[in-house]
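Participant:
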Amino acid sequence: MSAIILESSLVHYEALGRGRPLLFLHDWLGSWRYWVPTMMELSHSRRAYALDFWGFGDSDKARGYYSVDGYVHQVDLFMRQMGISEIPIIGHGLGGIIALRFAKKFPKRVQQAMIVSTPLSGPYLNQSLSSFTGGDNPASRILGRQLNSYQEVAMESAKTDAQAVVETVRSFLQEDLTLLVEDLTIPVMLVYGSQDNIIRHPPGGWLDDLDYFNAYAFLLEDAQHYPMLEEPTKFNRLLLDFLIHENAWDKIEVKESWRRRMR
21 MSAIILESSL
31 VHYEALGRGR
41 PLLFLHDWLG
51 SWRYWVPTMM
61 ELSHSRRAYA
71 LDFWGFGDSD
81 KARGYYSVDG
91 YVHQVDLFMR
101 QMGISEIPII
111 GHGLGGIIAL
121 RFAKKFPKRV
131 QQAMIVSTPL
141 SGPYLNQSLS
151 SFTGGDNPAS
161 RILGRQLNSY
171 QEVAMESAKT
181 DAQAVVETVR
191 SFLQEDLTLL
201 VEDLTIPVML
211 VYGSQDNIIR
221 HPPGGWLDDL
231 DYFNAYAFLL
241 EDAQHYPMLE
251 EPTKFNRLLL
261 DFLIHENAWD
271 KIEVKESWRR
281 RMR
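Residue 21 is where the sequence shown starts when you use the working numbering, and the numbers rise one by one after that.
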C-alpha cells in the first residue's frame, strides 16, 4: 500500500505502469480498487494513479474535508506532492464532479477529462443517494443486491465513512455543472450507462448541443453505473481512443451498437 500525508491526514493511493501520468477518481460507492482492471489495461503505456478520497478506502477519515471543495483541495495537494503539473483525469460519479470542478479551478493542470456516470446537478441523483442520512454501509444501502455483482466495490464498501457520503452529497445538491462543462476549453468526454439506476444522464437536447463545445457524450447500452466493470472492452476502447485523439472526436472509433443518441 502506498500512502502520503496531506493536511496531517493519510491519503492512500496506488500507481501502476510507466509513461505519461493519468489520474482516476472514484465514486461515492466504492474506492480506488474498482479502477484496477482499467489501470492494468493502460499500464503498458501510462503511469496510472488512483487515490482514495478522505473517508473512503484506506485513506484517513478527515471529516473537515468531506465536501466537493475539500476533495478538489485533496487532488490539488496530491498532484503537487507527486510532482505532476498537468494530467488527464478520469472521474466516476463523485470523482467526475471533482474532476470538473478541479478543471474549472485549475484549467492549465487538466489536459482532458473523461466523466463517467456523473450527475451534473442534484436532481439527477436517485432518491436513495440524495436522501442518504448515514448510519450504515452506503454501497449496501443504495446498491442493494446489485452490490454482489461488483466484487471490487463490495470488498471495500465497509471501509466507507457514511458521513463522507452524506456531506459530499449535501455539498453537491444545489450545483449545476452543465454550464461548467460548456465553459471548459479542455476536451471532455461524458460516458453513461443506459441502465444506470443510481444517476440519470442530462436531457438529450443538451447533450446534442455539446457539438458546439469541446465535449461529446456516449451512452453504453448494456452498462449500468459501473461501465468500466460491466463493459470493460468497450469502456477501455473509448478511454484509449480519447487519450490518443483528445478532441478529434471523428477519430474515436465507436461502433453504433455501443451507443445511441440520448434524446
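Here a beta-carbon is modelled for each residue, glycine too, at the ideal position from N, C-alpha and C.
Considering only DSSP beta bridges, list what Leu30 is partnered with.
Facilitator: In the sequence shown, the residue the question calls residue 30 occupies position 10. Note: Leu30 sits in a beta bridge opposite Ile25.
Participant: Could you pull the start and end residues of the alpha helix (DSSP H) that Gly115 belongs to?
Facilitator: The residue you call residue 115 lines up with position 95 of the sequence shown. Looking at the DSSP string, the run of the alpha helix (DSSP H) that includes Gly115 is Leu114 to Lys125.
Participant: Measuring alpha carbon to alpha carbon, tell me which of Gly164, Leu197, Pro158 and Val189 ends up nearest His180.
Facilitator: In the sequence shown, residue 180 corresponds to position 160, counting from 1. A small fix is needed here, since residue 180 is Thr in this sequence, not His. Considering only alpha carbons, the answer is Pro158.
Participant: Determine the direct distance from the alpha carbon of Arg220 to that of Leu260, and round the result to whole angstroms.
Facilitator: Indexing the sequence shown from 1 puts residue 260 at position 240. Indexing the sequence shown from 1 puts residue 220 at position 200. When rounded, the distance between both Cα atoms is 25 Å.
Participant: What distance in whole Å lies between the Cβ atoms of Val31 and Asp72, which are believed to be in contact at a cut-off of 8 Å?
Facilitator: The count along the sequence shown starts at 1 and reaches residue 72 at position 52. The count along the sequence shown starts at 1 and reaches residue 31 at position 11. Their Cβ separation, rounded to whole angstroms, is 7 Å, which keeps Asp72 and Val31 in contact under 8 Å.
Participant: Alpha carbons only, please: which of His112, Met102, Glu176 and Val136 is nearest the one belonging to Phe76?
Facilitator: Within the sequence shown, residue 76 is the residue found at index 56, counting from 1. Of the listed residues, the one whose Cα sits closest to Phe76 is Glu176.
Participant: Excluding sequence positions up to five away, which residues of its chain have a Cβ less than 6 Å from the Cβ of Phe44?
Facilitator: Along the sequence shown, one-based indexing puts residue 44 at 24. Taken in chain order, the residues that qualify are Trp55, Ala70 and Ile110.
Participant: With a Cβ-Cβ cutoff of 8 Å, do Ser141 and Asp216 count as a contact?
Facilitator: Along the sequence shown, one-based indexing puts residue 141 at 121. Along the sequence shown, one-based indexing puts residue 216 at 196. Not a contact, by the Cβ cut-off of 8 Å.
Participant: Figure out for me which residue from Glu61, Glu27 and Ala23 has the closest Cα to the Cα of Leu36.
Facilitator: The residue labelled residue 36 in the question sits at position 16 within the sequence shown. The candidate whose alpha carbon is nearest that of Leu36 is Glu61.
Participant: For Leu149, does the count of other Cβ atoms within 10 angstroms reach 16, so buried, or fall short, so exposed?
Facilitator: Position 129 of the sequence shown, counted from the start, is the residue given in the question as residue 149. Its Cβ being crowded by 16 or more others within 10 Å, Leu149 is buried.
Participant: What three-state label does DSSP hand Leu145 in the structure shown?
Facilitator: Here residue 145 refers to the residue found at position 125 of the sequence shown. Leu145: strand per DSSP, three-state reduction.
Participant: Using DSSP with H/G/I as helix, E/B as strand and the rest coil, what is Ile206?
Facilitator: Taking the sequence shown and counting its residues from 1, one reaches residue 206 at position 186. Ile206: coil per DSSP, three-state reduction.
Participant: How would you write the range of the beta strand (DSSP E) that Pro41 sits in, first residue to last?
Facilitator: Looking up residue 41 in the sequence shown gives position 21. Residues Arg40 to Leu45.
Participant: First and last residue of the beta strand (DSSP E) that includes Ile135?
Facilitator: What you label residue 135 is simply residue 115 of the sequence shown in a count that begins at 1. Val130 to Val136 is the extent of the beta strand (DSSP E) around Ile135.
Participant: Pick from Val186, Gly84, Ser65 and Ser63: whose alpha carbon is nearest that of Glu27?
Facilitator: Here residue 27 refers to the residue found at position 7 when the sequence shown is read from its first residue. Of Val186, Gly84, Ser65 and Ser63, the residue nearest in Cα terms is Gly84.
Participant: Classify Gly111 as helix, strand or coil using the three-state DSSP reduction.
Facilitator: Stepping through the sequence shown from its first residue, residue 111 is reached at position 91. Strand at Gly111.
Participant: Helix, strand or coil for Asp196 per DSSP?
Facilitator: Position 176 of the sequence shown holds residue 196. In this structure, Asp196 counts as strand in the three-state DSSP scheme.
Participant: Use the C-beta contact count for Ala237: other C-beta atoms within 10 angstroms, 16 or more gives buried, fewer gives exposed.
Facilitator: Translated into positions along the sequence shown, residue 237 becomes position 217. With 16 or more other Cβ atoms within 10 Å, it is buried.
Participant: Do you know offhand how far Ser277's Cα is from Pro252's?
Facilitator: Along the sequence shown, read from residue 1 onward, the residue named residue 277 stands at position 257. Along the sequence shown, read from residue 1 onward, the residue named residue 252 stands at position 232. Reliability of the predicted coordinates at Ser277 is poor, the pLDDT of 40 falling under 50, and no value is obtained from them.
Participant: Where Ile104 and Asn146 are concerned, what is the direct C-alpha to C-alpha distance, given to the nearest angstrom?
Facilitator: Numbered from its first residue, the sequence shown carries residue 104 at position 84. Numbered from its first residue, the sequence shown carries residue 146 at position 126. When rounded, the distance between both Cα atoms is 35 Å.
Participant: Buried or exposed for Arg281, please, with buried defined as at least 16 other CB atoms from any protein chain shown within 10 angstroms of its CB.
Facilitator: As a working note, residue 281 is residue 261 in the sequence shown. Model confidence at Arg281 stands at a pLDDT of 40, short of 50, so the residue's coordinates are unreliable; what they give is reported in the following sentence. Classification of Arg281: exposed, given that the 10 Å Cβ count is below 16.
Participant: For Arg100 versus Arg67, is the C-beta distance shorter than 8 Å?
Facilitator: Numbered from 1 along the sequence shown, position 80 holds the residue referred to as residue 100. Numbered from 1 along the sequence shown, position 47 holds the residue referred to as residue 67. Not closer than 8 Å, so no.
Participant: Roughly how many whole angstroms lie between the Cα atoms of Ile24 and Tyr170?
Facilitator: Along the sequence shown, read from residue 1 onward, the residue named residue 24 stands at position 4. Along the sequence shown, read from residue 1 onward, the residue named residue 170 stands at position 150. Approximately 28 Å between the Cα atoms of the pair.
Participant: Quick check on Gly213: does DSSP put it in helix, strand or coil?
Facilitator: By one-based count along the sequence shown, residue 213 stands at place 193. Correct three-state label for Gly213: strand.
Participant: Whose CA, out of Lys128, Val95 and Met102, lies closest to the CA of Gly116?
Facilitator: By one-based count along the sequence shown, residue 116 stands at place 96. Measuring from the Cα of Gly116, the nearest candidate turns out to be Val95.
Participant: For Arg257, report the span of its alpha helix (DSSP H) as first-last.
Facilitator: The residue labelled residue 257 in the question sits at position 237 within the sequence shown. Counting along the chain, the alpha helix (DSSP H) containing Arg257 begins and ends at Pro252 to His265.
Participant: Given a cut-off of 8 Å on the beta-carbon distance, is the pair Leu114 and Asp196 in contact?
Facilitator: Position 94 of the sequence shown, counted from the start, is the residue given in the question as residue 114. Position 176 of the sequence shown, counted from the start, is the residue given in the question as residue 196. No, the pair does not count as a contact, with Cβ atoms beyond the cut-off.
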